[in-house]
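Those sequence lines, one after another, are chains A and B.
Going by this note's numbering, 160 is the number at position 52 of the first sequence; the sequence numbering is gapless.
Going by this note's numbering, 567 is the number at position 576 of the second sequence; the sequence numbering is gapless.
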Amino acid sequence: MLEVTTDWYLTLAAILFSIGFLGMMIRKNALIMFMCIELMLNAVNLTFISASKHFGQVDGQIFVFFVLVVAAAEVVVGLAIIVSIFRKQSSASVDVLNVSRG
Amino acid sequence: MYQEVKLELIFLLPIFLPFLTAIFLFLNKKLFNELITNFFTLNSALLSFAIAAYSFIALALDKFKPVNVELFQWISNPDISIGFTLDGLSGIMLILVTGLSFVIQLFSTSYMEKDENHCNYFVYFNFFVFSMLLLVMSSNFLVMFFGWELVGLSSYLLISFWSKKPAAAKAGNKAFVINRVGDFGFLIGLMIILDTFNTFDFYKILQNTSGIAESTITAISLFLMLGAFGKSAQFPLFSWLPDAMEGPTPASALIHAATMVTAGVFMLVRISPLLQHSKIASLLIIIFGLITALLAAFSAINQFDIKKVLAYSTISQLGFMFIAIGAGAYVAAIFHLVTHAFFKALLFLGAGAVIHSMHHEQDIRKMGGLRKKMPITASMMGIGTLAISGIPPLAGFWSKDEILASVFVNGGIYYVFWALTLGAAFLTAFYMGRHWLLIFEKDNGFEHSDVTEAPKAMTRPLLLLGVFSIFIGFINTPFFHGLEKVLHVTLENVEVTHLPKGITLVVLAVLSIGAGFTGLIIAFLLFGLELHKRIDLKKFKLESPINLVKDLSSNVLYLNKFGNLFFVSGMKNLSRKVAVVVDGMLIDGSVNFLSTAFNKSSKITSTTQTGLVRNYVVYFGLFLLLLIALFIATPLVPR
């Protein structure tokens, strides 16, 4: 029987982060991109917790709570923005919103 | 002691009364009509003259012991304070300025009648009188400098009073700018004085001249001399004065005859205890005075503007005063200043009356034969002409003779100076005789049917000044040294050149009278009897030299053109080059380069800002990778 070590969790977190990042890079639906951000945040949370477990300290777990709170606040703001984008152009694509290009 | 305190307070009144009048009139100028303005300004002028006369008498009873009043001390080290002084020298100027100011204002009420800026004229006029009094009554160089600058300002205002005329506006500018050249010298002189003496007070400076190196005294004298040259229109800074004739004629009478232009003479007499120690400065003053006297007299002989002749004559007479100062005859300089103030004010006001009656025609070629139309003006102008020509016993004779004798008595090279001064005196008589004859005698074929005698408000001041022009010379004759007594305390430590005694004086006097008479007679022969028309000039081959003289005279030896070419055009070209090279290429170029560099670089970098979120995420990821690589390469915790 294989033992599940800290490395496994870290690897999983890295994979999750990469998937989130890749999604950010290739998708243009604002809602999907938002989900990718959540994915990355949770990958980071997983890293914190596994490191906390590995070193036997609670610092990482406290950080995770902070991240959760910030993520919740961000969801509120982000969803509001997405709703307003949707109202404006009846699609959630962000590629049209390139007015701030140089 | 009680009396002194009273005098101290009283002699400040004539200084500040014109200032208050100026402010009062300025604030109420919309409210007052001409009559009320005249009432206030004339009464104020008369009052300040009365107080000035009272102060002068009180001073005379006290044997001309200087009265100082220090209003307050501004800075204690160096010792700078605001103060005034009343001594023989400033007392004379006080009486002269307030007295002439009253007479000329009386004349102005008529001359400036129905002018749209009637009230403004009197505001400027009173302000000018205040500035001049500030200048002459000061007890230190600082207050004198204030007066000096304010006189420049108010003369600018008066010269360009009719600023709608472009020539008047230009003349005001010219006067102001050329005066600045002199003021620059004055200012540097003041800086050296402060550095050397650590004070500005006349008394403290002029009593302590013995321990100072002669080079320092020479430097001070030379720079102050430059200031005096600017204000008193001496060569080479004289060309503003003829142009300044664009102002109202009474203002010209006050500024360019009686007061402002004498500021330089006054100042040099004031610093005479310093000046006597510097032989170089004295020599330069007499040389420049001589050049000015001859040049201006020469220029006056072929002018056709009634006021320009008088303007050049003023410059020439100021040259005489500078000659006197250079020869060490400070009393003679002040004496000539006083007599000249009266007869030149008379001549200018007479010219004003003529201009008024001729409906602002100033060309003397279009006048002629006015004697029968304007008998009072003609006779008064005649007195002025005789006085300035040095015909005894009129005022000009005594002062001019005293200057000539003082130059002569110095001996050596001064004999040459004396001969040249005599030549200038001859020229003076000649051009003044021509001036009078062309205006009042010679028939130029013009009818002048509508020309009448000037109004009483004009002829009365003329009569008054005419009487003074005859008798003012008696204040200082070889038999009665009145002015010398007045200036005795002021020039206590100064070696004043005294007149020669006995037969020499008589011979010199006869020569100077001779020069005057010869000038007048030649003028009469040429312009009264028109002798030159009866002689065939071509037979003597005189035509071209005479035309050359005429041409040179009316163009002032082409000095104006030379100055224009050399200083104005040269400066313009230089500044144009500076504008193109330094400003256009260097400064503008560098600024423009900087802005284009920023513009171009930002254009390049802004292409990365695509506006697409995905691209930003890519940048973000790339930098994250870079950061991770950095972490791996450099461990966070140092071993």
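Here a beta-carbon is modelled for each residue, glycine too, at the ideal position from N, C-alpha and C.
How would you call residue i, buried or exposed, if buried means at least 16 neighbouring beta carbons within 10 angstroms?
i       : result
B/S440  : exposed
B/Q225  : buried
B/Y(-7) : The predicted model places B/Y(-7) with a pLDDT of 47, which falls under 50 and marks its position as unreliable; any figure quoted below should be read in that light. Per the 10 Å Cβ criterion, exposed.
B/S460  : buried
B/K492  : exposed
B/P626  : exposed
B/S263  : buried
B/Q600  : exposed
B/Q96   : buried
B/G507  : buried
B/L617  : exposed
B/M236  : buried
B/N467  : buried
Please classify residue i: does DSSP put it in a helix, a strand, or coil?
i       : result
B/Q96   : helix
B/L18   : helix
B/G575  : helix
B/S397  : helix
B/N68   : coil
B/G473  : helix
B/E61   : strand
B/L8    : helix
A/Q160  : One point to set straight first is that residue 160 of chain A is Ser, not Gln, in the sequence displayed. A/S160 falls in the helix class under three-state DSSP.
B/G143  : helix
B/L633  : Outside the shown range of chain B, which is -8 to 630, sits residue 633 of chain B, and nothing can be said about it.
B/L617  : helix
B/S130  : coil
B/A624  : helix
B/Q(-6) : Note that B/Q(-6) scores 49 on pLDDT, short of 50, meaning its location in the model is unreliable and no value can be drawn from it.
A/N137  : strand
B/G612  : helix
B/D296  : strand
B/T599  : coil
B/L3    : coil
A/V204  : coil
B/G403  : coil
B/G74   : strand
B/D441  : coil
B/S151  : coil
B/D53   : coil
B/S566  : helix
B/R451  : helix
Let me make sure I understand the geometry here. Which of the options has the alpha-carbon closest to that of residue i?
i      : options                           : result
B/V172 : B/N108, B/D192 and B/W231         : B/W231
B/H268 : B/F557, B/T209 and B/Q225         : B/T209
A/F142 : A/F163, A/V172, A/S201 and A/L110 : A/S201
B/W409 : B/M423, B/E393 and B/H109         : B/E393
B/L309 : B/G387, B/G238, B/S263 and B/M372 : B/G387
B/F152 : B/I179, B/D106 and B/L520         : B/D106
B/H347 : B/S122, B/K568, B/A332 and B/M103 : B/M103
B/K357 : B/I619, B/K364 and B/M349         : B/M349
B/L80  : B/F7, B/A324, B/E352 and B/P227   : B/A324
B/L215 : B/L275, B/I86 and B/T240          : B/L275
A/S198 : A/T119, A/A138 and A/T114         : A/A138
B/L490 : B/I382, B/N484, B/A396 and B/D192 : B/A396
B/A369 : B/Q96, B/S380 and B/F431          : B/F431
B/G554 : B/F229, B/S390 and B/G473         : B/F229
B/S122 : B/Y112, B/T443, B/M135 and B/C110 : B/M135
B/M84  : B/L550, B/L328, B/H479 and B/L456 : B/L328
B/L474 : B/V559, B/R425, B/V322 and B/A249 : B/V322
B/L217 : B/L259, B/H247, B/M251 and B/D234 : B/L259
Inset, instruction - Count the C-beta pairs between the stretch 138 to 148 of chain B and the stretch 180 to 193 of chain B that are closer than 8 Å, then say yes if the count reaches three, no if not. - result: no
Inset, instruction - Take every Cβ of the stretch 7 to 19 of chain B, pair it with every Cβ of the stretch 103 to 118 of chain B, and state whether three or more of those distances are shorter than 8 Å. - result: yes
Inset, instruction - Entirely within the stretch 238 to 271 of chain B and at least 4 residues each: give me those alpha helix (DSSP H) ranges in chain order. - result: 240 to 244, 254 to 261 and 263 to 266
Inset, instruction - Can you check the stretch 176 to 247 of chain B for any alpha helix (DSSP H) of at least 4 residues that lies completely inside it and give the ranges in chain order? - result: 193 to 198, 205 to 222, 231 to 234 and 240 to 244
Inset, instruction - Flag this pair as touching only if the stretch 322 to 341 of chain B and the stretch 437 to 453 of chain B have three or more C-beta atom pairs under 8 Å; answer yes or no. - result: Short answer: they touch.
Legend entry - Three or more C-beta pairs below 8 Å linking the stretch -2 to 5 of chain B and the stretch 74 to 84 of chain B: yes
Inset, instruction - May I ask you to verify whether the stretch 127 to 142 of chain A touches the stretch 598 to 611 of chain B, counting CB pairs closer than 8 Å and requiring at least 3? - result: yes
Legend entry - Inside the stretch 301 to 379 of chain B only - alpha helix (DSSP H) runs reaching at least 4 residues: 321 to 348
Legend entry - Inside the stretch 464 to 523 of chain B only - beta strand (DSSP E) runs reaching at least 3 residues: none
Inset, instruction - Decide yes or no for the touch test of the stretch 411 to 419 of chain B against the stretch 274 to 288 of chain B: beta carbon pairs closer than 8 Å, at least 3 of them. - result: Yes, since at least three Cβ pairs between the stretch 411 to 419 of chain B and the stretch 274 to 288 of chain B fall closer than 8 Å, the two stretches touch.
Inset, instruction - Could you say if the stretch 145 to 155 of chain A and the stretch 167 to 175 of chain A meet the contact criterion of at least three C-beta pairs nearer than 8 Å? - result: yes
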